[in-house]
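Protein chains in written order, with the numbering used here: chain A, 4 to 227; chain B, 138 to 808; chain C, 22 to 269. Idealized CB from N, CA, C, for every residue including glycine.
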Amino acid sequence: MSGLLKSSIGRKFAMALSALFLMIFLLQHFAINILSVFSADAFNKASHFMGTFWAVQYLLQPVLIFGVIFHFAMGFVLEIKNKSARNVKYAKNNGGANSTWMSRNMIYSGLFILIFLIIHFIDFWIPEMNTKYIQGDFSGMHNGEFRYFHELQEKFVPMWRVALYCLGFVFLALHLLHGFNSAFQSVGANNKYTKGLKTFSKIYAIGLPLGFIIIALFHHFNHH
Amino acid sequence: MATLDSKTPKGPIADKWTNHKNKINLVNPANKRLIDVIVVGTGLAGGSAAATLAELGYNVKAFCFQDSPRRAHSIAAQGGINAAKNYQGDGDSTYRLFYDTVKGGDYRSREANVYRLAEVSANIIDQCVAQGVPFARDYGGLLDNRSFGGVLVSRTFYAKGQTGQQLLLGAYSAMNRQIGRGKIKMYNRHEMLDVVVVDGKARGIIARNLVTGEIERHSAHAVVLGTGGYGNVFFLSTNAMGSNVTAAWKAHKKGAYFANPCYTQIHPTCIPVSGDHQSKLTLMSESLRNDGRIWVPKKMEDVKAIREGNLKPTQIAEEDRDYYLERRYPAFGNLVPRDVASRAAKERCDAGFGVNATGEAVYLDFASAIQRYGKEQATIKGLNVNDAALVKKLGQEVVKNKYGNLFQMYEKIVDEDPYETPMMIYPAVHYTMGGVWVDYNLMTTVPGLYAIGEANFSDHGANRLGASALMQGLADGYFVLPYTIGDYLADDIRTGPISTETPEFDEAEKNVRATIDKFVNNNGTKSVDYFHKRLGKIMWNKVGMSRNEQGLKEAIEEISALRAEFYSDVRVPGGANEYNEELAKAGRVADFLELGELFAKDALNRTESCGGHFREESVELDGPQKGEALRNDKEFAYVSAWEYKGEPKDAVLHKEELEFNDIELKQRSYK
Amino acid sequence: MNLTLKIWRQKNASDKGKMVDYKINDVSPDMSFLEMLDVLNTQLIESGDEPVAFDHDCREGICGMCSLYINGEAHGPDRGVTTCQLHMRKFKDGDTIYIEPFRAKAFPVIKDLVVDRSSFDRIQHAGGFISVNTSGNTQDANAIPINKENADKAFDAATCIGCGACVATCKNSSAMLYVSAKVSQFALLPQGQVEATDRVLNMVKQMDEEGFGNCTNTGACEVECPKGISLENIARMNTEFLKASLKG
């Protein structure tokens, strides 16, 4: 077991596990967000629960943050190592002949997602942390109403932010189109279920970001 | 003319090897550590020998000119490896394998060696399976067999069309284990350029590091050559581009007799030559003759129409096809031995029935096999056996499973789909049965110098049966040499390390350097390949599939003249102390230019026809065998072993009389 | 046909090297790619220049010695072939063809297009074998029946020719396909089980030490592999490695 993370395979295994964890998180994030389209009330309740339940806040949240940071940091470390494994570049390289653009540019889709995440954190997470842990307001209320739904809608008023979010989700889709399957390959799953898994991964990789885009657009065009 | 002693042990043939092993000297394990052995070549013979000697405890230094031992040309062997396992219960036995091999070799091999080969053949399969070699298996999980030319049983083990690759990678893995343990010191990209003989014994080699150009001295208590055959003397052959005779030839020049150089195997099923640019020929495994039928059109007008592109072979009606092997040899049909099949193809093409533009190609047709397998599959699967499209599809699947990689190879080279149209094939140089003369212990006439595998001459006589080369290479390397070399090395346990600072090493190194300097400073006008191609043409036209006195005499003169021209006009660019492929090639071609002449001289001396050696003057004139090769046992039942005396034309013939006590000498009949 | 070749020339390992242009005329579509280079070399030699050095031997796609990165692809644009099996009919009159060596830190250039792939051998030394001595007394070859599916898969993995196209193609210069082929072959056979743990750990350790990059599952190796070695083998090696790490 010792040294597992020092080995190339151990590292890719770790990348895959963190990715799988993040993909489950994304699904959960989506499930709550989509409520906002159907019922402001349900969305508010779910948000309040997530924002105040101790297990989510003190257990899952740190794990999630660690997962995100780990996935990014390891991704960059591996990219640098991999780049250095070829010291002289080809004068002509026809990568498109044998692999997808997505698979060759995970670092770029990842980088863009990182930029998006930073903005996303500034938009939502930092104000949340400020309200709850600095100002000590765990009520979730603003002017006698749940504040979550309103805050959400306000954020999606400016066009530039909606556009940026949509672009972020496009890159997320590109990242997932390779990443989802890749994670399974990395943990050693390549068998009779692979074909089915590939189809499922495509649905997930396109469907989920598309869902997020729809939510963003919905609130942009339907704010009260 | 002196006679040679093969040192074959006395006693009944079936007991010779066992008794011999029981009586020869052994080296105790502690002393093996004090003994160094050089193995040159890392193919099936050299690789398996190096690994086994290292396992036994000797310090092995192994050399190959390729960038890795795994690339030796044994890797290209396709069809399979014979072994008298009798897994199919079809009556196979050690004796039968022995008998088939001696008969297939046209009674020109040494009986005792062949019997030993048949005896250890079963061990090879056990050993390889234990190493993880993935032989083909049937649905019950047991090993599968196929049939090869010249025999009536199924004893050939195979791994699709890549048996040589799998066996070599097995030997390579055994070597890797010993390299990892430090028992084999591996020298890749090194070429042996001379044997060093000290006090009459082989004590080392001079090698050139092909990357740096450095000339190195390596000493050992014994030297083993597993350096393969010399088919590239023809320039075009199925051998790898780098396959060469240099190691064997240098040994010859240092006193090792060269045996039967004229015994060359021309393989019947190769892809025909397409143009002057051609650098090598590609074999289509003999296993294809299990299912493929060989034919040419019966009518000359069809031949013409085909050559002009106005007719497709599939359009020729069954009754207008001449399945000439089935016609001439009803008992063995398409599975006659290679020499017979090759000559029959040449006979048809010489008569004008060749089916490509050059007139040098015949068809190898899988249509009836596809039909047969397709119907079989349809029956098994309960489908309609009269549905032609379905039957064809099912049949093609079966054929693909058996020969997929060969069909793909053919398609890539020729740009035609062999599932739809018959393959075109023609004979090409493939293997050399001749080689360095060795005794029963595989030792050459230089004490301490051994030759194994294709590099020696011993087991295949005048013609090698399919799937026997792999068997011999591994038998020599795994199961014969490791025993017999101990008998010799037992006297060396107190010798201590061999110094490389001796006059003999000085002299050998000086000669090697002189040759290299000559080449790089020659400033001629023609490339090495230019001369090699011309040598090849002389060999193919006059010392090829059929030979006659006049042609051979001409060949000797022409080769001799070409050699002189080569030395005066060859251009070798680049320097001696760097990576220089042209320099390496020049050295190899220089040796081919000498060997070629000896080759022709040997063919001239042997006025009989036997196996791959066909003299037009020696054919059956009457009777059922009319037109077939005529052997002359009274005068030629011997091995020709040539001693080097300067120029090839001065070589002195020594004879090893062949005795046949366990097999009656007969005319080979495959009719 | 007439072609322009852009070929990497590098005198030796320490030379910097550069791309050099050559013209070659009257190329026959039936020539193999290496035969085309033979013709170029004959021209160069006879005009007093140094020929282009490239590795090659069997010229029938099995020894794994030939390499070359042709127009941005290992072994050129055709599929399921090595460079020696690539034929000029895959190109058009007037084409410009880039010819570069297989590039990776673990494959240093020796000269021109010749690279040193001994790192591959060293990985095999670390564990690419089953420890069985030659004796003639191992058990009978049919003593352990092997399920045909596994035997066939082991064979498919074992057909790797060690050419290095996977490394050359991989954007990370990863050797995972090569290493996994050997690990898989033995993992699928009962004979290989005894040493399975040490084998995968040692081979992967050596692979990492040689400076190959990390697999990111782009799948390019599988596409460019002349023998079609499957990515399934990499997945299998990942599992084997994980099992072994947890055990060891």
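At a C-beta separation below 7 Å, Met-329(B) has no neighbours in chain C, since its nearest C-beta there lies roughly 17 Å away. If you ignore the 5 residues before and after Met-228(C), its C-beta comes within less than 7 Å of the C-beta of Ile-144, Ala-196 and Val-200, all in its own chain and listed in chain order. Annotation for Lys-792(B): the continuous beta strand (DSSP E) segment containing it runs 789-794. Judged by their CB atoms, Lys-738(B) and Ala-788(B) are nearer to each other than the 8 Å cut-off. Contact annotation: Val-573(B) and Ile-343(B) have beta-carbon atoms that are not nearer than 8 Å.
Against chain A, the beta carbon of Gly-213(C) has no neighbour under 7 Å; the closest one sits roughly 17 Å away.
Judged by beta-carbon spacing, Glu-216(C) lies beyond the 8 Å limit of Thr-419(B), meaning their Cβ atoms are not closer than that value.
Neighbourhood of Met-228(C) in chain B, by CB distance below 9 Å: empty, with the nearest CB roughly 14 Å away.
When CB distances to chain A are screened at a threshold of 9 Å, the residues of the region 26-40 of chain C falling below it are Lys-27, Trp-29, Gly-38 and Met-40, in chain order. Against chain C, the beta carbon of Asn-325(B) has neighbours under 8 Å at Ser-139 and Asp-142, listed in chain order.
Judged by DSSP in its simplified three-state form, His-108(C) adopts strand. In the three-state reduction of the DSSP assignment, Glu-216(C) falls in the coil class, being assigned neither a helical nor a strand state.
The alpha carbon of Ser-416(B) has as its nearest neighbour, out of Val-370(B), Tyr-460(B) and Tyr-540(B), the alpha carbon of Val-370(B).
A direct Cα-to-Cα measurement between Pro-271(B) and Thr-159(C) gives close to 16 Å. Beta-bridge partners of Ile-403(B) (DSSP): Val-566(B). Listed along the chain, the chain C residues whose CB falls inside 7 Å of the CB of Lys-15(A) are Asn-235 and Cys-236.
The region 127-143 of chain C and the region 232-239 of chain B do not touch, with fewer than three beta-carbon pairs separated by less than 8 Å. Across the region 162-188 of chain C, CB contacts with chain B closer than 7 Å involve Ala-162, Asn-163, Pro-166, Ile-167, Asn-168, Lys-169, Ala-172, Ala-175, Phe-176, Ala-179, Thr-180 and Gly-183, in sequence order along the chain. Residues of the region 195-214 of chain A whose Cβ lies closer than 9 Å to any Cβ of chain C, in chain order: Thr-197. Taken in chain order, the complete alpha helix (DSSP H) segments of 4 or more residues contained in the region 78-108 of chain A are 104-107. DSSP lists Leu-501(B) as the beta-bridge partner residues of Met-560(B). Assignment of Leu-89(C) by DSSP, reduced to helix, strand and coil, places it in the coil class. Residue range 775-780 is occupied by the beta strand (DSSP E) that includes Ala-778(B). With contacts defined by Cβ atoms closer than 8 Å, Ser-194(C) and Arg-89(A) form a contacting pair. Rounded to whole angstroms, Glu-694(B) and Gly-733(B) show a C-alpha spacing of 11 Å. DSSP places Asn-346(B) in the strand class (E or B) of the three-state scheme. For Lys-663(B), DSSP records a beta bridge to Val-707(B). In this structure, the beta-carbon distance from Val-251(B) to Asp-554(B) does not fall below 8 Å.
In terms of CA proximity to Asp-173(B), Ile-630(B) leads the group Pro-450(B), Ile-630(B) and Asp-643(B). Comparing C-alpha distances from Asp-263(B) to each of Ala-612(B), Gly-633(B) and Leu-795(B) shows the shortest one belongs to Ala-612(B). Not a single CB atom of chain B sits nearer than 8 Å to the CB of Thr-218(C). Of all residues in the region 245-257 of chain C, the ones placed with a Cβ closer than 9 Å to any Cβ belonging to chain A are Glu-245, Ser-251, Leu-252, Glu-253, Asn-254, Ile-255, Ala-256 and Arg-257, in chain order. In this structure, the straight-line span from the alpha carbon of Ala-167(B) to that of Gly-194(B) is close to 8 Å.
In the three-state reduction of the DSSP assignment, Ser-683(B) falls in the coil class, being assigned neither a helical nor a strand state. When rounded, the separation of the alpha-carbon atoms in Val-617(B) and Ala-267(B) is 19 Å.
DSSP places Ile-131(C) in the strand class (E or B) of the three-state scheme.
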